[in-house]
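Residue numbers (the numbering used here), protein chains in the order written: chain R, 1081 to 1583; chain A, 55 to 651.
Take a look at the structure below.
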């Protein structure tokens, strides 16, 4: 049998009849104790040695304690002096007793605090009394200290040791003593003969540069053993999903929009031909701001055109809403309820100047809803918003674009349910088959923007648009059941660490 | 989205299609845009509806739409009306609610199902077009319980009721679901329906009230009187609607009249007489005949239909599709000679504002899902927004440096944002920061900006937009102390504070924040991470000492990138760590993303 050098030496130093400590083995084998220990563990793992461990504790006196062994514990010296001065009958001036005890410096404080703690008497208003019933000869700490000084610490009481430890009079240390005996297999191996093989563990820089690596044998590792768990840096799972959607959209020719999260209701709602008394604009559903309250400036001519569209509609046969419209409401600030406010800013030319068709734009940005938080609804969520601006767009173009988009996520057979939105006509809710469950689920909302929206914004071609929540796509794709585990400060780091990466 | 409850048996009865089973009905309804949501305990369909076709808020209206959908009906249907016997005189009504309309319906084929449907259509109209009764409120009464005042000596069939303002403390009624005579004030104070709608009339100078010869029988928009309550035995009804807009109440009335017509009722006109005492409105001093069951005309161009649907159609097909949508159409030409249609729209339609709405109807009748999707032949160049690319590049670097990327809420509360980070919340609108000698730079430290606050938050935990991201990271650390360490977390995200120099008065910032939390996490470690990040963007980092209340004094530096102070780096103060129940040191930095541009 071939074994590494150290293991051969340890095996030969061990005995089948007698437990031998590693220290003894190391001495006999002429190895460093840590080398002998590692070899013993390895031999134990191979079944050639049996390794046993026991723990012993040692107690050592500190320098302070050695002085007390000599002079007696300060509190006991104080008690003796107090009794001497008659304090066991009547309280005596403290200064007098301390002087008589010959205690000095820090030791006085130590004496006083332990005197009271251990019940040798009381101190009050500069006077000291001694308890006549106290017995300094039976002091557990003094007894333990003496026993330790004589090397009989094992007999000291546990509580006394603890008190001494607290007073900093002793230092306790624990030592693990490992011993080995040869197993039957070990004896057999020795009888059959073992040879030393040159093996190495860690590959060192020295080994590589010296060329030594060519002469050694590499020790086998247990390659099936568990490795340590590391926490790598990684992108947030929802962010990864957003990146994937962005990749798809950029690939389809869409350009990304960004813009204000806090915006005037004009951009969020009025430009979208949402009547001011629409239920979604009432004070409960809107995420209105308290501070600051309103925007400073809106483009005056655009405001005029938008208001006219609300009141009178557009075109020769158009009609407006029978709803109030006022500028103060339009100027009021809110956290945007949808990112369509960005679309309005872009279409109007406010964001990046007048746009010439054809254009495709998208954003994956946060929208806000004033509601309560639950497992499927957040107060803030990522809205995927996309639109195409071109001449003569039809419902078929809209269907083709969205069919293409959803196919990228494994959702086929998209169905279009006629729907109503104040700012699109025709409008469709999009339904698709869940890739795993086969269930028909809502996957978005879409439509062609109404003339009442486009005309005031100065757009004279068609624009089709759609939107959906990124979280919805995420929950579909990952099976996550509580969106709060993912998004927000209640996030479970373990969930993020274990979530499969998007690809 | 609102739902409407429809009894499938009623639907089969009213459409005359007794053979359609439930599943077929569900598909038919989906085609109309009414999605099946579930069943009620009594086996009715709960349907989700989009609030455009308010005429479909009743089983009668849905049945009418289905009959068109099946092709069993075509073209515009107008209920016949008898001429008016009843008049509503409008006198000194509250200025906030000047409009009224009304109708009489006689000879109804009423039963429990019909009554239930009538109650539902009222509720749903209140919830939608009526804006919770603020804009329009409906009162339906048993006509036989009304005693009109005789209008003319020579014709005892001409009777009237009066809509006027009433004194809340003087006038009394026995409200529906009540058994004692109450003043209107008491109705608002103690009656459960009164309490629910009291807010609507809280600011009115007088209470809206409708009287007949016997007394007050309706207190719109709050509650009707018990005397005229409608039951399954009622045959003749008097309907009144009051509101803030004549068009709105008239349209609501049309929808109710169509539903009652489908139940065999005969609609009879009511005269609405705005007297000289009525508030000054466009209708003051005039007399209207209601319901206003007149059609309106819109012109739709043939080319627009083809463009929007993306298919070629015969003129005859278009006319057919329009008729199958419950409208009439005749071919015509526009002024510049394009083929077009004159379309007659029935009076229950409240959603037709523009010809595109009619093209939508044509598409629905054609069947949108019959259309073949095509990818638009339009070429554009895609690309990412510059800032979004930068955000991603920074995130990638942080992840490469071993940080776990976070995505936190932008909303937070004041305590989390300021106080728990040892920051004093800045006084709104106050520039006087000279009070406390220990207040370092006052509200000028990172995160100390004035809060952008929510007006009516639902939750105490989300009352403002965070002014920096570090509080969110500290909350994540706090919520994950049971998870494995190290927890080295980072976020590239959004923060905002009040800034009067901006048009929206809000400065919106993209911020880069990171925290190391593990045994031994120190200033050196976090500065090393910061430096690696800043170096990667070819920028020059300096870290002159500064003070920030969140961090340990003497271990805090200003983040200066290319000579500009953009953030803070340091060891988080033990008081802040302990406040978040964290038992390991935290070292962190946060700075403006734009510094890395």
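Ideal Cβ placement from N, Cα and C applies to all residues, glycine included.
Note that this is a predicted model, so its numbers are computed, not measured.
Decide if residue i is buried, meaning its Cβ has at least 16 other Cβ atoms within 10 Å, or exposed.
{"i": "residue 429 of chain A", "result": "exposed"}
{"i": "residue 1549 of chain R", "result": "buried"}
{"i": "residue 492 of chain A", "result": "Below a pLDDT of 50, predicted positions are generally treated as unreliable, and residue 492 of chain A, at 38, falls in that range; no measurement from the model is reported."}
{"i": "residue 651 of chain A", "result": "exposed"}
{"i": "residue 1095 of chain R", "result": "exposed"}
{"i": "residue 1525 of chain R", "result": "buried"}
For a quick check, are the C-beta atoms of residue i and residue j less than 7 Å apart?
{"i": "residue 547 of chain A", "j": "residue 523 of chain A", "result": "yes"}
{"i": "residue 559 of chain A", "j": "residue 1377 of chain R", "result": "no"}
{"i": "residue 270 of chain A", "j": "residue 227 of chain A", "result": "yes"}
{"i": "residue 437 of chain A", "j": "residue 1338 of chain R", "result": "no"}
{"i": "residue 259 of chain A", "j": "residue 401 of chain A", "result": "no"}
{"i": "residue 392 of chain A", "j": "residue 355 of chain A", "result": "yes"}
{"i": "residue 595 of chain A", "j": "residue 585 of chain A", "result": "yes"}
{"i": "residue 526 of chain A", "j": "residue 462 of chain A", "result": "yes"}
{"i": "residue 396 of chain A", "j": "residue 290 of chain A", "result": "no"}
{"i": "residue 1200 of chain R", "j": "residue 1186 of chain R", "result": "no"}
{"i": "residue 141 of chain A", "j": "residue 196 of chain A", "result": "no"}
{"i": "residue 654 of chain A", "j": "residue 296 of chain A", "result": "As displayed, chain A neither begins before 55 nor continues past 651, which places residue 654 of chain A out of reach and without an answer."}
{"i": "residue 1261 of chain R", "j": "residue 1122 of chain R", "result": "no"}
{"i": "residue 246 of chain A", "j": "residue 229 of chain A", "result": "no"}
{"i": "residue 468 of chain A", "j": "residue 480 of chain A", "result": "no"}
{"i": "residue 405 of chain A", "j": "residue 109 of chain A", "result": "no"}
{"i": "residue 626 of chain A", "j": "residue 646 of chain A", "result": "no"}
{"i": "residue 1503 of chain R", "j": "residue 1530 of chain R", "result": "yes"}
{"i": "residue 474 of chain A", "j": "residue 633 of chain A", "result": "yes"}
{"i": "residue 1342 of chain R", "j": "residue 1415 of chain R", "result": "yes"}
{"i": "residue 119 of chain A", "j": "residue 86 of chain A", "result": "yes"}
{"i": "residue 1155 of chain R", "j": "residue 1256 of chain R", "result": "no"}
Check residue i in the structure and name its three-state DSSP category.
{"i": "residue 571 of chain A", "result": "strand"}
{"i": "residue 1559 of chain R", "result": "coil"}
{"i": "residue 445 of chain A", "result": "helix"}
{"i": "residue 406 of chain A", "result": "coil"}
{"i": "residue 653 of chain A", "result": "There is no way to answer for residue 653 of chain A, as the model of chain A reaches only from 55 to 651."}
{"i": "residue 282 of chain A", "result": "coil"}
{"i": "residue 640 of chain A", "result": "strand"}
{"i": "residue 484 of chain A", "result": "Confidence in residue 484 of chain A is poor, its pLDDT being 46 and thus under 50, which makes the residue's placement too unreliable to answer from."}
{"i": "residue 268 of chain A", "result": "coil"}
{"i": "residue 1525 of chain R", "result": "strand"}
{"i": "residue 96 of chain A", "result": "coil"}
{"i": "residue 124 of chain A", "result": "helix"}
{"i": "residue 551 of chain A", "result": "strand"}
{"i": "residue 495 of chain A", "result": "At residue 495 of chain A, the pLDDT of 37 sits below 50, so the modelled position is not reliable; the number obtained from the coordinates is stated separately. Looking at residue 495 of chain A - three-state DSSP - the assignment turns out to be coil, as it is neither helix nor strand."}
{"i": "residue 1289 of chain R", "result": "helix"}
{"i": "residue 1283 of chain R", "result": "coil"}
How would you list, in chain order, the residues of chain D whose beta-carbon sits under 8 Å from the beta-carbon of residue i?
{"i": "residue 1393 of chain R", "result": "Considering every chain present, this structure includes no chain D. Its protein chains are R and A."}
Does the beta carbon of residue i fall short of 6 Å from some heavy atom of the ligand HEM?
{"i": "residue 77 of chain A", "result": "What this structure holds is no ligand at all, so the ligand HEM is not there to describe."}
Does the segment 432-450 of chain A come close enough to the segment 204-214 of chain A to have 3 or more Cβ pairs within less than 8 Å?
-> no
Residues within the segment 304-334 of chain A neighbouring chain R, beta-carbon criterion of under 8 Å = none
Anything in the segment 1211-1234 of chain R with a Cβ closer than 8 Å to a Cβ of chain A? List those residues in chain order, please.
-> none
For the segment 403-414 of chain A, which residues have a CB atom closer than 9 Å to at least one CB atom of chain R, in sequence order?
-> 405, 406, 407, 408, 409, 410, 411, 413 and 414
Which residues, in chain order, does the segment 515-534 of chain A contribute to contact with chain R at a C-beta distance below 7 Å?
-> 516, 526, 529, 530, 533 and 534
Within 9 Å of chain R by C-beta, residues of the segment 455-467 of chain A in sequence order | 455, 456, 457, 458, 459, 460, 461, 462, 463, 464, 465 and 466
Scan the segment 106-122 of chain A for residues whose Cβ lies nearer than 9 Å to a Cβ of chain R and list them as they occur along the chain.
-> 106 and 107
The segment 1299-1313 of chain R / the segment 445-455 of chain A touching (three or more Cβ pairs under 8 Å) = yes
Could you run through the segment 537-557 of chain A and flag, in chain order, every residue whose CB is less than 7 Å away from some CB of chain R?
-> 537, 538, 540, 541, 548, 550, 552 and 557
Quick check: the segment 1357-1372 of chain R against the segment 1401-1413 of chain R, are there 3 or more CB pairs under 8 Å?
-> yes
Using Cβ-Cβ distances below 9 Å, what residues of the segment 1523-1556 of chain R are close to chain A?
-> 1528, 1530, 1531, 1532, 1542 and 1544
Specify whether the segment 1424-1433 of chain R and the segment 1346-1357 of chain R touch according to this definition: at least 3 beta carbon pairs, one from each stretch, less than 8 Å apart.
-> yes
Three or more C-beta pairs closer than 8 Å, one from the segment 1539-1559 of chain R and one from the segment 1465-1472 of chain R: is that the case here?
-> yes
Is it true that the segment 1131-1150 of chain R meets the segment 1220-1229 of chain R, where meeting means three or more beta-carbon pairs spaced less than 8 Å apart?
-> yes
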